[in-house]
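Which chain is which? The protein sequence lines are A, B and C, in order.
The letter at position 289 of the first sequence is residue 288 when you use numbering that gives the first Met the number 0, and the numbering goes up by one with no holes.
The letter at position 13 of the second sequence is residue 12 when you use numbering that gives the first Met the number 0, and the numbering goes up by one with no holes.
The letter at position 295 of the third sequence is residue 294 when you use numbering that gives the first Met the number 0, and the numbering goes up by one with no holes.
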Amino acid sequence: MQHFLSVKDAIDVQALVKEALLYKKAPYADKHLGRNRTMGLLFFNSSLRTRLSTQRAAQNLGLELMVMNVGQDGWGLEFEDGAIMNGDKAEHIKEAAPVVGQYCDIVGIRSFPTLVNREEDYSEKVINQFVKHTGKPIVSLESATRHPLQSLADLITIEELKTKPRPKVVLTWAPHVKALPQAVPNSFAEWMNAADVDFVITHPEGYELAPEFVGNAKVTYNQEEAFKDADFIYAKNWSSYEQYGKILNQDPAWMVTMDKMKLTNNAKFMHCLPVRRNIVVEDAVLDSHHSVVVQQAGNRIWSAQVVLKQILLKIIKEESPYLF
Amino acid sequence: MQHFLSVKDAIDVQALVKEALLYKKAPYADKHLGRNRTMGLLFFNSSLRTRLSTQRAAQNLGLELMVMNVGQDGWGLEFEDGAIMNGDKAEHIKEAAPVVGQYCDIVGIRSFPTLVNREEDYSEKVINQFVKHTGKPIVSLESATRHPLQSLADLITIEELKTKPRPKVVLTWAPHVKALPQAVPNSFAEWMNAADVDFVITHPEGYELAPEFVGNAKVTYNQEEAFKDADFIYAKNWSSYEQYGKILNQDPAWMVTMDKMKLTNNAKFMHCLPVRRNIVVEDAVLDSHHSVVVQQAGNRIWSAQVVLKQILLKIIKEESPYLF
Amino acid sequence: MQHFLSVKDAIDVQALVKEALLYKKAPYADKHLGRNRTMGLLFFNSSLRTRLSTQRAAQNLGLELMVMNVGQDGWGLEFEDGAIMNGDKAEHIKEAAPVVGQYCDIVGIRSFPTLVNREEDYSEKVINQFVKHTGKPIVSLESATRHPLQSLADLITIEELKTKPRPKVVLTWAPHVKALPQAVPNSFAEWMNAADVDFVITHPEGYELAPEFVGNAKVTYNQEEAFKDADFIYAKNWSSYEQYGKILNQDPAWMVTMDKMKLTNNAKFMHCLPVRRNIVVEDAVLDSHHSVVVQQAGNRIWSAQVVLKQILLKIIKEESPYLF
């Protein structure tokens, strides 16, 4: 694996999931793989789960770590070619990225969308410029339009908990107080489309995800219909793609409730967290046997660890082709 | 040791002190004890000594570390059951704590009191919710009402420096410009009451500590009387418990001076630091042979290290009962 | 090496450069040198390159690391003797420094100048107080008037790339939008004066550096004359030393351009980064074969690593004199 930016970087999705589950049983099996190598984690936006789980995964592989909160240090980056840099941006990506590449063997980047400029966000300007200029493998720690480490952890969780070969998985929009990115639902859709599941998306009108992510998924505005016989309910709020970054609807009728869970096939309830209780989902659901959100968050370690393993193997192979 | 929240978690206070002093002579004796385990340090409030000394202690035991400044990343936590989370709190402790527990083997928490709501502070709401929901051992890095790693370091320092079997130890209130928590004096009193010392507390009227911490200590409003023949003077400001969180007195006559030190039995001067010079204590005292504040701060490493050792031993014992 | 604050701490500049280039070929040759020792990095000001490269260097030597953003944690330090600390400074350097010294074996300090009080800045008050009170080796991560880890990396880069025994090296002032410290040009001048190069400084009138740094360098207000036959062009903005901290000139005619590079002996273009494109230097130069700024930034690792090695050797020698 060269970089990890989307499902397209996973050569074999099922193999990744299987290896991740092996790591869950034997976390330190490859402790020597990262020896004398360093991963840098650059956070342009705040992070809890991604930060801690990626650190743990890297440590399990024996990698050294350097973590930087880029925003807090006021390191404004310029991305425009030809810019006359007389404003508040102190450094151009053309220097910043290759310099970070001098200090790290693998670089993780978290950078959220503007939610204002759709074209810019969907071109993945920030992370793609790091890919172009860093000269080292880049791991997305959530980019403008995708959160692949989360999606892989989601798939691992489904694999662990499914009770039939091809479960019904429902991604449902849910209300929220803020305008949120589409990265998690986009990415989840992309990975579900690559997995062996019966995938349904449900949301109010106007919340259609970008077609390239929806793919062949069934889409319905009728949440109750979607929930029928579902094996997994994956709740998430997102802002509109159409009317970009806007909140069109905060209708509490879209909250996931115990009554709705009764329509399902005793489904597992999933959410990437953090989740606002009694806005996105009722207390009763999160506090019931349906909820697997903590196990799902725990699987973030194995998702990151298997990705870092693949990247390390490629680095080692390139350095020492005779080993392979 | 399951958790470390107060003196009650120390099965044998004297044994802890002795083991700490052994670590001071041989810091790396148990370097392999923490192998393949990770400690997370979550700071809801800023920290210098606690942060660095706990990191060093963990490194001495071979633990991996993950440090998060929770406040700076704007991770507002909800603690109320049944809350409708439509405000600025993005995550409930019921998810946050067990998720952190997925990534760490031991979790350290620093969370200061509100100094507004006494009942809430003295119920230790924050740290107790982490104990309840994390599913992993919790170490207090200073909670609303206690700072046990500091108190253990204080006791180690007294053990190192005492010149008689049962020294006279005086906790004296001192002036300050800000309203400070009662955590350090509460905790110090709790540990002194468990140690073999002649313990006296002195403060102006209205600064009585909570009775459950004062215990059987002698209490006097007469600072000079308290200082007579003292072997250790422990200075600290705190705000009122009675008129909760209020500053009732900034009388400079309560500052610790060289003249007052002359009343003592050539006492050692202690303070948990940071200390405001010429407000809490005169320069002359801090710059004299009386002051042991740097040695006391240095002992924070051994205090943390012996606590982490006890917790690691319990983890290992539970995982591999046949080893013991 | 006891401390690393300026070129004066380098016993043999050429030997340091040679050892650094050996580390570049074999980064982990001394991995066991730092075993069971900890370096603390205290940043009073923000940092990217220095932070990451020093971390990497320390990791290459097997050192443990503790990194603190001092400013962000609001840890206001008092430096005045006899101060009555009733303001916003919570701790005196007389306690803070020795306490940090209790937790770390080597301490790195970054502290920028005020650019207001020249006497204070040029007395190096902050870093010198850490030297005085910490009781452990201090490494400058850029102080008020010097940036020696940068200058050593600069010299390493010149050594790597020079095509004649005694190259012509030109330090040129360049425009900027902000008032910047003199630390980088001061330090560069100090190191070039200690190296075997033909050293020229060029800047507009009023931008004279302090005489103790200029030394025997040739100084000219004529940038074009300075560039003639140069082998290395080192661009940097700085504010006035004379009219302390002031911007006297933002004349874009001082920007480094491709036309000016044509006057040189196919010179390498150097800058410590971050660099503002099309203000300090034209895109055309940075995007050409002239620019070696990324390689120069990469050499920060080897600069820090060779300094830490020298310091570790002195620590080990003092602890175990019979080893040597």
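C-beta: ideal position from N, C-alpha, C; glycine also.
Boundaries of the beta strand (DSSP E) harbouring D197/A: 197-201, taken from the DSSP string. Here the alpha carbons of I10/B and L47/B stand approximately 28 Å from one another. Taking 8 Å as the CB threshold, D282/B lines the interface with chain C. V196/A places its beta carbon less than 8 Å from that of R165/A. Residue environment for I83/B: exposed (fewer than 16 other C-beta atoms within 10 angstroms of its C-beta). The secondary-structure analysis by DSSP pairs A234/B across a beta bridge with T171/B. Taking all protein chains in view, the Cβ of P210/C is surrounded by fewer than 16 other Cβ atoms within 10 Å, so the residue is classified as exposed. For L262/C, the CB contacts under 7 Å within the same chain, skipping 5 residues up- and downstream, are E223, F226, K227 in chain order. Between F78/B and Q128/B, the beta carbon gap of about 6 Å places them in contact (Cβ cut-off 8 Å). According to the DSSP assignment, N68/B belongs to the beta strand (DSSP E) that extends over 63-68. Residues of chain C whose Cβ lies closer than 8 Å to the Cβ of N35/B do not exist, since the nearest Cβ in that chain is about 17 Å away. A14/B is outside the set of residues whose beta carbon lies under 8 Å from a beta carbon in chain A.
Taking C-beta atoms under 8 Å as the contact rule, Y240/C and E207/C qualify, at a distance of about 6 Å. Going by C-alpha positions, H146/C is about 15 Å away from L307/C. Contact annotation for S52/C against chain A: Y102 [CB-CB distance below 7 Å, chain order]. K17/C places its beta carbon 8 Å or farther from that of L160/C.
Interface residue (Cβ-Cβ distance to chain B less than 8 Å): N277/A is classified as such. Chain order gives the chain B residues near G39/C as L51, where near means a beta carbon separation below 8 Å.
M260/C carries a helical assignment under DSSP once its states are collapsed to helix, strand and coil. Each residue's CA atom was taken as its position, placing D153/C and P180/C some 18 Å apart. A Cβ of chain A is located within less than 8 Å of the beta carbon of Y27/C. Secondary structure of G86/A (DSSP, three-state): coil.
Contact annotation: the segment 98-117 of chain B touches the segment 38-46 of chain B, with at least three C-beta pairs closer than 8 Å. For P97/A, the CB contacts under 7 Å within the same chain, skipping 5 residues up- and downstream, are H132, T133, G134 in chain order. Scanning S142/B, L148/B, A283/B for the CA closest to the CA of N298/B turns up L148/B. Counting along the chain, V280/B sits inside no beta strand (DSSP E), nor does DSSP assign it H or E at all. Proximity to N236/A across G39/A, N185/A, A216/A peaks at N185/A, based on C-alpha coordinates. Look at W190/B: its C-beta is not under 8 Å from any C-beta on chain A. Scanning the segment 5-81 of chain A for uninterrupted beta strand (DSSP E) segments of 3 residues or longer gives 37-42, 63-68, listed from N- to C-terminal end.
Per DSSP, V176/A is not a residue of any alpha helix (DSSP H), being assigned neither H nor E. With a beta-carbon spacing of about 6 Å, N59/B and Q304/B fall inside the 8 Å limit used to define contacts. Counting only Cβ-Cβ distances below 7 Å, P97/B has contacts in chain A at V293, in chain order.
Taking the Cα of P136/B as reference, the smallest distance to any Cα among D286/B, Y243/B, D120/B, T37/B is reached at T37/B. Contact between A178/B and V280/B is absent: CB atoms are separated by about 19 Å, not below the 8 Å threshold.
Burial state of Q242/B is exposed, judged by a 10 Å Cβ sphere holding fewer than 16 other Cβ atoms. Sixteen is the threshold: since fewer than 16 other Cβ atoms of the shown chains lie within 10 Å of the Cβ of S287/C, the residue is exposed.
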